[in-house]
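Accompanying notes for the structure given below.
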Amino acid sequence: MSQLSRAVSIHPYFKINPGEEKAFHELIVDFVTRTRTEGESCLCYDFTHCGDQAYCRELYADADAVLRHLENVGECIEASKAISEMYRLEFHGPAEEIEKLREALGDLEAEYYVRSNGVD
């Protein structure tokens, strides 16, 4: 199994509050700065925008890397609540990794997608 076959992606979608675009962009800088410290366990991390919405494209080596990342950027996530709404959150990955996230994240409102097939 390749490294990417165990990988887990996170898909958060944000609606930026009116007048908070600059503050949200500044917060993105903090998100990225903190994520850079995570080394090789973070395989991809970037933000994209469409009007007043933002999306973060994230890929991690496994569920443990995801959990470390969420702890690392926890303050940023909290700060984002004052200037935006995270209106959708998805986790995608192999069943065993997704199950680890379900157990660890408990009541977090998110959608969990289990990998069914792909190129290894």
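One point on numbering: in numbering that gives the first Met the number 0, the residue at position 17 of the sequence shown is 16, and numbering is uninterrupted.
The beta carbon of each residue, even a glycine, is placed where N, CA and C say it ideally should be.
Keep in mind the model is a prediction, meaning the values are calculated, not measured.
Under 7 Å between the Cβ atoms of I97 and V72?
no
Residues sharing a beta bridge with C75, DSSP:
Partner(s): none; C75 has no beta bridge.
Counted within 10 angstroms of its Cβ, other Cβ atoms place A53 as buried (16 or more) or exposed:
buried
State the CB to CB distance for the pair C75 and R35, rounded to an integer number of angstroms; the pair is presumed to be in contact (CB under 8 Å).
Actually they do not touch by this definition, with Cβ atoms about 13 Å apart.
Assuming A81 and R5 form a contact by the criterion Cβ under 8 Å, report the distance between their Cβ atoms to the nearest whole angstrom.
The pair is not a contact, with the Cβ atoms about 35 Å apart (cut-off 8 Å).
Can you have a look at C43 and say buried or exposed, based on whether 16 or more other CB atoms are within 10 angstroms of its CB?
exposed
Less than 8 Å between C-beta atoms, sequence neighbours within five positions excluded: which residues of the same chain meet that for N116?
none
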